[in-house]
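Heads up: the sequence shown is residues 8 to 419, going by my numbering.
Structure first, then comments.
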Amino acid sequence: MRPQWESQISMLDSALQQWEEMYPKLPATFTYQNAVFTVKELTTSLREIIGIVRAVSSCEDIDPVLLAVHQQNIINVCGQIPSAIVNSIASPQSYLEQLVGYIWSIRSSIVWLITPRLTEYYGNWVKNSDVYGKIEATEDLYKRISDSIELINNSISRANEADNTAKNILQVIQGYEREAANAKTNAESSSSLALTNKDNVQDLLSKLEAGQTKQQELFEKINSLHEAANDVLEGSSKVGLAASFAARRENLENSQKYWIGFFFFGIGILIIGIFLTTTGFINLVPLIKADGTMDSWGVLVRILLTGPAIWFTWFVARQYGHTMRLIEDYAFKEASALAFVGYKREMGEDLEMIKLLRETAIKNFGAAPTRMLSISEPSSPVHELVDKALQEKGGLEKVTEFLKTIVSSKNS
């Protein structure tokens, strides 16, 4: 099924023309979700999405169910892009962010409509300006060669007709040679002209063969340029995706260093506290009473004094563990992005394996990093001790008796 998006494409072409007139007046950069983009990059994205919409609209084998699900969103967003472009002069930051969101909305909907045939079509369409210009020049040369070939064929036809005419004239002259000497002279002159035309025809045929050889060389060069363009596109996509994962991984590694410092800081506080309380710098309630029994209130006081430092160290250790999981996740995604194109080439024409590779890539790249933080962990050492006490047989009774002992000790 072929999408009917002619009016949307016309609207987008007009919007692109208006954008190219306006964007030199806009700020050179803007931010979107804490990332800095240039207006030039946004121009490239806008051109690409218009090309994608045009490519999809020319494809006949779009899945009708997927088209019915995503077509209305694409039509609505295409209608909103011109107004965002017009208003970007008055409020650049707000409307440039909207324009990025519209482009992403079209991409996220249209990706479900892309077929292998459309991928090949779009791959041939997406070229850098240098390659595209060479191909246009080649096509223009091919057209001129075709016109020359047609002209040569016409000349050959006329030459053949002239040759046949010359032969007929020779036959007539030979029949009337004895009766008309003047006719013989004309016949010899016509024969000489025919031979000259024959030489011209042979020369044209030689040029035609040379032109065909040149045409074949140009076709081979075009194919090599197509392959080079595809390689450039795949390589740039791979490097861009891997670079984004690598940048995030490096940020997390920097955060990890801070958590390590905080952890050692917490350990230092604990050591200092233990030193001050054990050496007599700070006098606390004795742990052992005069009668030789343990003072529960003294135990509680020490727990309350050391609890914040223990909780802080515990919290830092948890954050360090979370950061380590996220680093491993982004490192895995970075390696997968770098290896994706290589795996795809190794699989060759095996469509089933390529399909599985794409599904795996989408699953890996689209997995939210927050899944690594969803593992249930105790929020403090006290929580963990209480949980373990409750899980053990008779643990709840032991906790109750301990609290009663503390209360009775305080009252006494």
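Yeah, the Cβ is synthetic: ideal placement off N, Cα and C, and Gly gets one too.
Since the structure is predicted, the reported quantities are computational estimates derived from the model, not experimental observations.
Please state if the CB of residue j and the CB of residue i are separated by a distance shorter than 8 angstroms.
| i | j | result |
| --- | --- | --- |
| I59 | I117 | yes |
| Y109 | Q87 | yes |
| Y30 | V46 | yes |
| C66 | R9 | yes |
| L49 | L120 | no |
| I267 | Y327 | yes |
| D170 | A217 | no |
Can you pull the DSSP bridge partners for residue i?
| i | result |
| --- | --- |
| V43 | T38 |
If you drop the 5 nearest sequence neighbours on each side, which residues of the same chain put their C-beta closer than 8 angstroms to that of residue i?
| i | result |
| --- | --- |
| E143 | Interpretation of E143 is limited by its pLDDT of 44, a score under 50 that renders its predicted location unreliable; the figure taken from the coordinates is listed afterwards. Once the five neighbours on either side are set aside, E143 has no close Cβ partner at all. |
| Q263 | Y327, T330, M331 and I334 |
| W132 | Unreliable positioning characterises W132 in this predicted model, as indicated by a pLDDT of 46, which lies under 50. A coordinate reading is not provided. |
| S136 | Caution is warranted here: a pLDDT of 38 is assigned to S136, below 50, making its placement in the model unreliable, and the coordinate value is therefore given only provisionally. Excluding positions up to five away in sequence, the list is empty. |
| L33 | V46, S95, I96, P99 and L103 |
| L259 | T330, L333, I334 and Y337 |
| W26 | T50, L53 and I92 |
By Cβ distance below 6 angstroms, which residues in the same chain neighbour residue i in space, the five residues on each side in sequence not counted?
| i | result |
| --- | --- |
| S386 | Unreliable placement is indicated for S386, whose pLDDT of 48 sits below 50; no coordinate value is reported for it. |
| F319 | G273 |
| V414 | Note that V414 scores a pLDDT of 48, beneath 50, so its modelled location is shaky; the value from the coordinates is reported in the next line. Taken in chain order, the list of residues that qualify is empty. |
| Q24 | none |
| Y337 | F252, R255 and R256 |
| N161 | none |
| D206 | none |
| N261 | none |
In its own chain, which residues sit with a C-beta less than 7 angstroms from the C-beta of residue i, not counting the 5 before and 5 after it?
| i | result |
| --- | --- |
| A324 | F270 |
| A22 | I88, P89 and I92 |
| Q105 | A91 |
| A316 | G273, I276, L277 and G280 |
| I16 | V60, R61 and S64 |
| E227 | none |
| A35 | T45 and V46 |
| Y39 | E104 and V107 |
For my contact list, residue i and residue j are in at a C-beta cut-off of 8 angstroms; report their separation, rounded to the angstrom.
| i | j | result |
| --- | --- | --- |
| M18 | P71 | The pair is not a contact, with the Cβ atoms about 24 angstroms apart (cut-off 8 angstroms). |
| R313 | L277 | The sequence given here has Thr at residue 313, not Arg. Contact flag correct, Cβ pair sits at about 7 angstroms. |
| S199 | I176 | So it is not a contact: roughly 12 angstroms between Cβ atoms. |
| I69 | I113 | Not a contact, Cβ separation roughly 15 angstroms. |
| W111 | S64 | Wrong, their Cβ atoms sit about 19 angstroms apart, outside the cutoff. |
Within 7 angstroms: the Cβ of residue i and any heavy atom of the ligand SAM?
| i | result |
| --- | --- |
| V60 | Only the bare structure without any ligand can be found here, which leaves the ligand SAM out of the picture. |
Cβ contact check for the segment 54-74 and the segment 89-104: 3 or more pairs under 8 angstroms: no
Any 3 or more C-beta pairs closer than 8 angstroms across the segment 332-342 and the segment 264-277: no
Contact between the segment 196-216 and the segment 163-178 (3+ Cβ pairs under 8 angstroms): yes
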